[in-house]
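Protein chains in written order, with the working numbering: chain A, 844 to 1182; chain B, 179 to 613; chain C, 315 to 776.
Heads up, the beta-carbon is just placed ideally off N, CA and C, and yes, glycines get one too.
One structure is given here, and the rest of the page talks about it.
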Amino acid sequence: MKKTVFLGALTVAGLAAGAAAAGTLDDVKARGKLNCGVTTGLVGFAAPDANGEWHGFDVAVCRAVAAAVLGDPTAVEFVPTTGKTRFTALGSGEVDMLARNTTWTLSRDVDLKFTFVGINYYDGQGFMVPKALGVSSAKELNGATVCIQTGTTTELNLADFFRKNNISYEPVPIETNAEGQQQYLAGACDTYTTDISGLAATRATFENPADHVVLPEVVSKEPLGPLVRHGDDEWADVTRWTLNALIAAEEMGITSANVKEMASAPGSNPEINRILGTEGNLGEMLGLSADWAVNAISAGGNYGEIFARNIGENTPIGLARGLNAQWTDGGLLYSPPFR
Amino acid sequence: MSEVSYVRTEILPERDPPVIATGLIGWMRENLFSGWFNSALTILSLTFVVMLLDGILPWIFSPTWHATSLGECREILRGMGREGHYPGACWGVIRDRWVQLLFGFYPSELYWRPIMAFLLLGVALAPVLFSDRVPRKLLWFSAVYPFLFPWLLWGGSIWVPLSALAGFVIGWFVFRAADARAGGLAGIVAGVLAALVWWLLLSGYVVQGLDAILPIGIEAVQSRNFGGFMLSVTIGVVAIACSLPIGIVLALGRQSDLLIVKALCVGFIEFIRGVPLITLLFVASTLLNIFMPPGTNFDIILRVIIMATLFASAYMAEVVRGGLAALPQGQYEGADSLGLDYWQAQRLVIMPQALKISIPGIVSTFIGLFKDTTLVSIIGLLDPLGLSNAIRADSDWNGIVWELYGFIALLFFVVCFAMSRYSMYLERKLNTGHR
Amino acid sequence: MATVSEPPKEAFRLSQLIYDTRYRSMTIQIVALVAFLILIGWLISNTAQNLADLGKEPSFRFLGESAGYDINQRLIDYNNQDSHMRAAVVGILNTLLVAILGCATATILGVIIGVARLSKNWLVGRLMTIYVEIFRNVPVLLWIVFIMAILIETLPPPNAFRGDDPDATMKLFDTVAITNRGVYIPDPVFGADAKDEKGEFLEEPVGWRVGLGDFPIGASRDNPACESYYATEGPGAGEPAASCGTFQVSLDLLLVLAVLVSGFYASHRIKRRADRIQEATGLRPVTWYLRLGVVVLPFAITLWALGFYFAYPELRGFNFQGGTHMRNSLIALWLALSLYTAAFIAEIVRAGILAISHGQTEAAAALGLRPKRIMNLVILPQALRVIIPPLISMWLNLTKNSSLAIAVGYMDITGTLMGITLNQTGRELETVLLGMLIYLTISLIISAVMNWYNRSVKLVER
């Protein structure tokens, strides 16, 4: 008799869930919502607040894409994913894009059949140790107990680093950053290794951050970026150029405060005009409205604003721009031209 | 005869028992200090209890209810002069997040819907659970409730649950019609076929049509927004409700004389019972979409519910089998002697009794499944345990451990304890009925 | 006169398939089988189609590839250059380890608690009831993370053992170190004359008690790790290095076990002989010292001859070195599973004891048995028959629940094969199906063995 609980629910789901076969862009438009995969919770990058609103650096990318495609930065369903479920969620079409501090590697790009659309954060793996330990280089960590998050590239890098330097270690695998922090603070591991941004974010929330240092060695390159399914180039273009628009906006001085004003009439800088849709038809080429970039930028500001608000130096996390500064400031952020 | 003067003729007045054998002291001698072993045990246990309370109570009583971040909690406690590793609990996190822990991301203006759904669940279950105290008329409500429940939680058009209900009605009438002409088995086959045809082929168009003519409905809520304790309850209730009919079929199959049917049922039951739930959840999170035709896409909560249903139905089958085995053989023979065929016997004689005996087992299967719903946090769903990780990722509450675990444990304890008490009450009631 | 009439011969009609009870069951079965096969075929074709769309051909080749990650707790040697397959085996062994430890502890605890719940001592009875209710009604996953948090937060880190006036000290005469990274206990080592007190090989053996060493199965001369095994001199000559061979067998341990088993057998023979004498003459010869002697003496002599000693843990560098390291993740999982399952077993034991009629107790008391002996000799043996079947399913549950190891980072089969290997290779289908198959095999073996035991117990009674 009670089978229909399931059938009823299934019908509802059938109405809600779209098929993955058609172009993702059309799907998203038809659905009126962007399904965006994020982490289950990482300070500064993605976490829900008391009202269930998601905030963070990765979340802002999702919102920008939603704003560009649908004109509404709140038209996003955030799907929390773990290290294990993220690729399946994307591969099976459950989410349209993944903005979940995921490292761009060859095997993920090629073997797992995903397309990385760009890099929104240049990171690297580092080690954090208590000052009291008296360690100044990761090479002195022979025999140390290392807390490490599983399901990431981190553990492979770690194994490589210790093998290369011919020293031993004891890995303590942990599932979430919160657990890693707990174990590290209690002294259950000598050092905590993850991406340096994560280390900084974790350290910032300690009672006495000054008692801990991040060691100078960066043992790997971790270019983190949003990714989409392989083979849907149209959708990949949309996400790629939304990200580029955010980066270019900072370079050109377009902010959430002045974007409306700049977009109201063509200005003197032709590239700004092209980005903001007052000149040319870039939006149309992408299959979006002319003001797509205006929407994306007004969703959360340009790249610099997003960075400053979520993880920048004035937040508790306090990350410096470093590699993530614009190329004009000596960083690596370099958007291809909008032309 | 000589006078026997040393025999007392009147009865002595009753005396109180000695002080050490009555009252508190007597009770303590009897129950706590009878012999050296018991005395040692008592003292040992008392020491343990006192030490435990001494460690925990000061931590629990901490005036941090209104704090808005862990830092503020630490300030408050430092202001009180409490230092050290565990100066006190930080209850601000519970005040800030308890609603989220209960309802997840369900839209706050619609909280009445899950609350009502679960209240009505109690009403719908009452005639089953307390059959002697509640009027049987309410059973009608119980029959309709399975269609009401998903509608309240997920929302959407009223026609969807109604058309699902219509499937049963159609199936029933076709069964009655075919039963009269072609006999029991053909009736059942025809009824099931008619219902399937209705659900799979026709109902979609009918719902669309009705919706276009008369759009009645409430706001639809995606299952992605389900979270917290509500998610656990939803998965538990839906999975148990759906697993009951499957479990009955499996149990009958396992008991049947048909070799192939029996082998299939046994194989399914043993397979499901032989693997941990977490692997089934991995299937839900990573494989189920691969098994479905290309282009199908359930959201993750439905996939979890599907796997939880399969999981529960294997256990349910064993519970029902236990109920069937507990029925005296005479019941089967009696039904046969009345000339009932297999399905009539099952429907009218065997199942009503077997299911009644099985209720305690069903309740404990539910408790088990309900507790196991915490496993969904491992595949990234935000049940209470998963939410606790998300909350700890908020920079205000980064570093909180015990308060959240304690609160979640308390929630589960209250619900599971109440249910296990009910199941024990029922067992006692059923026992007296049968002996 | 009764006439036996043949049923009228009729030509077979198609409708008989449904209406004739002789054929109907066959029809139903064939329909069920066909439906089942169609379902399976449908699932497989969907899967093939989907995988082709994703461009992932199902293949188990990844099992032979180098895993690339490290595992902290391993019962056989493993390093990050070994294959995913070997990582999976390490995981299986870890699963079995925690399952066996957990089942043993849970059973012992459960029996004690179940008996204590029926205790006449009011306080003890109440405490045990509270224990059972609290543990039964809170999810086991919560207990696992909870106990892990307790271990991490309340025990001292190795750092606290450092310095002249340390905050923490080693327990039990400086042999056991309890830290929040786990418990370090003394490690039994053979070959006292060839090794130093930390278990490392000396340059030259100082005596003849060097032990038998380990035998590497599948060793080859090509493997550089086996160099010392084939060498004839130098420190540790004849001893394989850790990664030599597929796995290694400790010959010392085998010999010790053999001596122990034969000792018990001899003891058993002595008992049988005493029984025979008692039956024949009515007098039982005093044999306890003989029986003790044949077990203990050869055992002690063998241990001495093999150079048995304990290597104690010692704080060196970042961690304690030497000794056996029982990691926190293992202890938390083991404790949580044992405590949780013990609550259920206690209920089973209590129900089993209550199922024995009170007359048994009274009869035993009338025979003059003391309460403890009544429990041991009369009640428990009878209760066992009621207890064993549900106990088996509790053990199965515990084994399956050990898959929650992933929550505390214990590297069991869920953590290796269905965890890191799945993540690194992206082979969801293969890894998850293989993992399920492994669990299924373990479960089926346990229930087969236990059902066999259950039947053999049943035969003895009544």
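Between residue 1078 of chain A and residue 866 of chain A, the beta carbon gap of about 7 Å places them in contact (Cβ cut-off 8 Å). Residues of chain B whose Cβ lies closer than 8 Å to the Cβ of residue 941 of chain A do not exist, since the nearest Cβ in that chain is about 12 Å away. One finds 931 in chain A with Cβ atoms closer than 8 Å to the Cβ of residue 742 of chain C, taken in chain order. Using a Cβ-Cβ cut-off of 8 Å, residue 1025 of chain A counts as an interface residue toward chain C, since at least one Cβ of chain C sits closer than that to its own.
Annotation: residue 485 of chain C to residue 1064 of chain A spans about 45 Å, alpha carbon to alpha carbon. Look at residue 536 of chain B: its C-beta is not under 8 Å from any C-beta on chain C.
Its Cα nearest to that of residue 326 of chain B, the residue B:302 stands out among B:348, B:311 and B:302.
Residue 414 of chain B is positioned such that its CB atom lies no closer than 8 Å to that of residue 563 of chain B. Only 586, 587, 590, 591, 594, 595 and 598 from the region 586-601 of chain B bring a Cβ to less than 7 Å from some Cβ of chain C. Close to residue 447 of chain B, with beta-carbon spacing below 9 Å, lies no residue of chain C; the smallest spacing is near 12 Å. Of all residues in the region 440-469 of chain C, the ones placed with a Cβ closer than 8 Å to any Cβ belonging to chain B are 441, 447, 448, 450, 451, 452, 453, 454, 455, 456, 459, 460, 463 and 467, in chain order. In the structure shown, the three-state DSSP call for residue 1074 of chain A is coil. Distance from the CA of residue 958 of chain A to the CA of residue 934 of chain A, rounded to the nearest whole angstrom, comes to 11 Å. With its beta carbon less than 8 Å from one in chain C, residue 988 of chain A belongs to the interface. A Cβ-Cβ distance of about 10 Å is found for the pair residue 1054 of chain A and residue 972 of chain A, leaving them out of contact under the 8 Å criterion. Among the bridge pairs identified by DSSP, residue 628 of chain C is matched with C:635.
Taking the CA atoms as reference points, residue 464 of chain C sits about 12 Å from residue 583 of chain B.
DSSP lists no bridge partner for residue 750 of chain C. Residue 552 of chain C is positioned such that its CB atom lies closer than 8 Å to that of residue 543 of chain C. Listed along chain A is no residue with a C-beta nearer than 9 Å to that of residue 363 of chain C; the closest approach is about 12 Å. Listed along the chain, the chain C residues whose CB falls inside 7 Å of the CB of residue 1046 of chain A amount to none; the nearest CB is some 18 Å away. Rounded to the nearest angstrom, the gap between the Cα atoms of residue 365 of chain B and residue 495 of chain B is 25 Å. In this structure, the beta-carbon distance from residue 394 of chain B to residue 348 of chain B does not fall below 8 Å. Taken atom to atom, the span from the alpha-carbon of residue 655 of chain C to that of residue 558 of chain B is near 26 Å. Between residue 397 of chain B and residue 288 of chain B, the gap from beta carbon to beta carbon is short of 8 Å. Within chain C, 360 have C-beta atoms less than 7 Å from the C-beta of residue 470 of chain B, given in sequence order. Within the model, the alpha-carbon separation for residue 413 of chain C versus residue 647 of chain C is close to 10 Å. Around the Cβ of residue 1022 of chain A, a 10 Å sphere holds 16 or more other Cβ atoms; the residue is buried. CA-to-CA, the gap between residue 927 of chain A and residue 737 of chain C works out to about 6 Å. Between the alpha carbons of residue 376 of chain B and residue 387 of chain C lies a distance of about 56 Å. Contact annotation, residue 494 of chain C with residue 480 of chain C: C-beta distance approximately 15 Å; criterion of less than 8 Å not satisfied.
Distance between residue 1043 of chain A and residue 997 of chain A, taken at the CA atoms: about 16 Å. Cβ contact annotation for residue 922 of chain A (same chain, cutoff 8 Å, sequence separation greater than five): 878, 879, 880, 881, 932, 937 and 938, in chain order.
Beyond the five residues adjoining it in sequence on each side, residue 601 of chain C comes within less than 6 Å, by CB distance, of 584 and 588 in the same chain, given in chain order. Not a single C-beta of chain B is nearer than 8 Å to the C-beta of residue 877 of chain A. Per DSSP, the continuous alpha helix (DSSP H) segment holding residue 323 of chain B begins and ends at 317-332.
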